[in-house]
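Residues 1 to 413 in my numbering are what the sequence shown lists, from first letter to last. Working notes, beginning with the structure itself.
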Amino acid sequence: TGMTDNSMNTSELEPSKEDMAQHGRPPKPRNLYKVRNPSSDSLVSMMPPEDIGQLMSENLELKKMVDSLTNFDDPDKLSTKERRIIKQTFNAIAGPEGGLMVRELKLLNDRLGANFKDCDSERIMSEMGLGLDELITVESFISWYADPANDLVKKNKASQRFLLERGFSVSGEEFQLHKVRAHDINVRGTFEYRVSFSYNHKPISPWHDIPLYPYGAPEDEVHFICEIPKYTRAKFEIATDEHLNRIKQDVAHGVLREYKHGDMFFNYGALPQTWEDPAHFSEETQAKGDNDPLDALELGLVPMQTGEVKRVRVLGVLALIDSGETDWKIITLRVDDILADRIHTLDELECVFPGAVSSIREWLRVYKVCTGKAENGFGFEGSCMQKQFALKVIHETHQMWEQLVLEKKQTVV
Numbered sequence: 001t002g003m004t005d006n007s008m009n010t011s012e013l014e015p016s017k018e019d020m021a022q023h024g025r026p027p028k029p030r031n032l033y034k035v036r037n038p039s040s041d042s043l044v045s046m047m048p049p050e051d052i053g054q055l056m057s058e059n060l061e062l063k064k065m066v067d068s069l070t071n072f073d074d075p076d077k078l079s080t081k082e083r084r085i086i087k088q089t090f091n092a093i094a095g096p097e098g099g100l101m102v103r104e105l106k107l108l109n110d111r112l113g114a115n116f117k118d119c120d121s122e123r124i125m126s127e128m129g130l131g132l133d134e135l136i137t138v139e140s141f142i143s144w145y146a147d148p149a150n151d152l153v154k155k156n157k158a159s160q161r162f163l164l165e166r167g168f169s170v171s172g173e174e175f176q177l178h179k180v181r182a183h184d185i186n187v188r189g190t191f192e193y194r195v196s197f198s199y200n201h202k203p204i205s206p207w208h209d210i211p212l213y214p215y216g217a218p219e220d221e222v223h224f225i226c227e228i229p230k231y232t233r234a235k236f237e238i239a240t241d242e243h244l245n246r247i248k249q250d251v252a253h254g255v256l257r258e259y260k261h262g263d264m265f266f267n268y269g270a271l272p273q274t275w276e277d278p279a280h281f282s283e284e285t286q287a288k289g290d291n292d293p294l295d296a297l298e299l300g301l302v303p304m305q306t307g308e309v310k311r312v313r314v315l316g317v318l319a320l321i322d323s324g325e326t327d328w329k330i331i332t333l334r335v336d337d338i339l340a341d342r343i344h345t346l347d348e349l350e351c352v353f354p355g356a357v358s359s360i361r362e363w364l365r366v367y368k369v370c371t372g373k374a375e376n377g378f379g380f381e382g383s384c385m386q387k388q389f390a391l392k393v394i395h396e397t398h399q400m401w402e403q404l405v406l407e408k409k410q411t412v413v
């Protein structure tokens, strides 16, 4: 026909006997457009020198980016960016003098989210090799602050001190949930932002003054305090060491924290008048408590607000093991949710929301991986325990809270 035959040699796509013997199936079609050096299998060797240099430069930048993500947002380790933020924060407080007096450490602590108090001043100055009347320089402070063994800085829950301060007290029989109000203090997204609570216009502590059990309610119902609303990621929590335990956004090394893994698909919060005692060793999980109020997840359809308090129905519990500590996660559902009449147990939850518990377990397992940490583990081989076991955990942690309040006599510990 006078035309050149540009048809493809289909024999190159046919599997050889050697391929069939090795793989037991035809291999994927070969890429006929990939040019290779006959003497080498490397594509790089065929690239012009300027392209090789550009590729190596891009790979180096990619490696730097990956390395920078190691320990990203890890509250126990300092990144270069966080060191810079600490220095800037220190200099902003220090002013023209270029140093801080010991009395100014508390203000710096609040900005950095550290764990030291006014009563630690003498110890801090001693560890920095300074007298109580000497100025603290930014270099000496960062050197002291960055010490991995510094338990006044490390976000170690076991060393956390509580402010067991109660506000207006009302008996469980008289408590009416509709009289609880949450109030915003300062601007959201700032270090000073807090959510305070009141009952009948009188200040209260959400941790200590809201009763765990609603009076006259079924035994599987408790009060739930929302800290992190559904579809958000800012890490809000009850400030157990602050005046009236208001809710605040967690701070680490001068940075307001959020969950880098992504938004939560449940309302996350805590159960009042509970405490996971770090001195209590659980035979079921072979780990101690995490020194916090009991965590709870509410699976209703409607996102709640930070500081919103609702009655919830207990469905089950997951035994998360986080950094060697037991961190129970109570699975609940609001009693006024549109689906509350259909969901009373984990089995009914699975019927209405297939895969909900598995998705929660997977989120909790991997949410720290993006910060450079290992996956979390679970007790009971990851099984979500049923309602009665969850109620037992709630009762035990309520007793631990009662003992904490009794022994510490509502003082700073």
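We treat Cβ as the ideally placed atom computed from N, Cα and C, and that holds for glycine. Since the structure is predicted, the reported quantities are computational estimates derived from the model, not experimental observations.
Taking 8 Å as the threshold, find out whether the region 76-89 comes into contact with the region 136-147 through three or more Cβ pairs. yes
What do you get for residue 252, buried or exposed, if any count of 16 or more other CB atoms within 10 angstroms of its CB means buried? Stepping through the sequence shown from its first residue, residue 252 is reached at position 252. Answer is buried; the Cβ neighbour count reaches 16.
Just to confirm before moving on: does the CB-CB distance between residue 357 and residue 342 stay below 7 Å? Numbered from its first residue, the sequence shown carries residue 357 at position 357. Numbered from its first residue, the sequence shown carries residue 342 at position 342. In this structure, residue 342 does not lie closer than 7 Å to residue 357 by Cβ.
Can you tell me which residues form a DSSP beta bridge with residue 204? As a position in the sequence shown, residue 204 is number 204, starting the count at 1. Residue 204 pairs with 197.
Nearest to residue 400 by alpha carbon, out of 202, 277 and 169? For the purposes of this step, residue 400 is taken as the residue at position 400 of the sequence shown. Closest option to residue 400, Cα to Cα, is 277.
Buried/exposed call for residue 264, threshold 16 Cβ in 10 Å: Counting from 1 along the sequence shown, the entry for residue 264 is found at position 264. Buried is the call here.
For residue 134, which residues of its own chain have a beta-carbon under 8 Å away from its beta-carbon, when the five flanking residues on both sides are left out? The residue given as residue 134 occupies position 134 in the sequence shown. For residue 134, where only same-chain residues beyond five positions count, the Cβ hits under 8 Å are 125.
Could you give the distance in angstroms between the alpha-carbon of residue 209 and the alpha-carbon of residue 61? The residue you call residue 209 lines up with position 209 of the sequence shown. The residue you call residue 61 lines up with position 61 of the sequence shown. Approximately 53 Å, taken between the alpha carbons.
Here's the rule I'm using: 16 or more other beta-carbon atoms within 10 Å means buried, otherwise exposed. How should residue 204 be labelled? Within the sequence shown, the letter at position 204 stands for residue 204. Residue 204 is buried by the Cβ-count criterion.
Using the Cα positions of residue 168 and residue 187, report the straight-line distance between them to the nearest angstrom. Position 168 of the sequence shown, counted from the first residue, corresponds to residue 168. Position 187 of the sequence shown, counted from the first residue, corresponds to residue 187. When rounded, the distance between both Cα atoms is 26 Å.
Is the region 317-326 in contact with the region 240-260, if contact means three or more CB pairs nearer than 8 Å? no
Sequence-distant residues of its chain with Cβ nearer than 8 Å to residue 346 (five each side left out): Taking the sequence shown and counting its residues from 1, one reaches residue 346 at position 346. The answer, listed in chain order, is 315, 316, 331, 357, 384, 386 and 387.
To the nearest angstrom, how far is it from the Cα of residue 402 to the Cα of residue 273? Mapped onto the sequence shown, residue 402 falls at position 402. Mapped onto the sequence shown, residue 273 falls at position 273. Each residue's alpha carbon lies about 8 Å from the other.
Could you tell me if residue 230 is buried or exposed, where buried requires 16 or more neighbouring beta carbons within 10 angstroms of its beta carbon? The residue you call residue 230 lines up with position 230 of the sequence shown. Answer is buried; the Cβ neighbour count reaches 16.
Can you tell me whether DSSP reads residue 347 as helix, strand or coil? Taking the first residue of the sequence shown as position 1, residue 347 is located at position 347. Residue state, collapsed to three classes: helix.
Enumerated in chain order, which unbroken segments of the alpha helix (DSSP H) with a length of 4 residues or greater are wholly contained in the region 333-413? 346-352, 356-366 and 387-408
Between which two residues does the beta strand (DSSP E) holding residue 184 run? What you label residue 184 is simply residue 184 of the sequence shown in a count that begins at 1. It spans 180-185 - the beta strand (DSSP E) in which residue 184 sits, taken as one unbroken run.
Buried or exposed for residue 259, please, with buried defined as at least 16 other CB atoms from any protein chain shown within 10 angstroms of its CB. The residue given as residue 259 occupies position 259 in the sequence shown. Classification for residue 259: buried.
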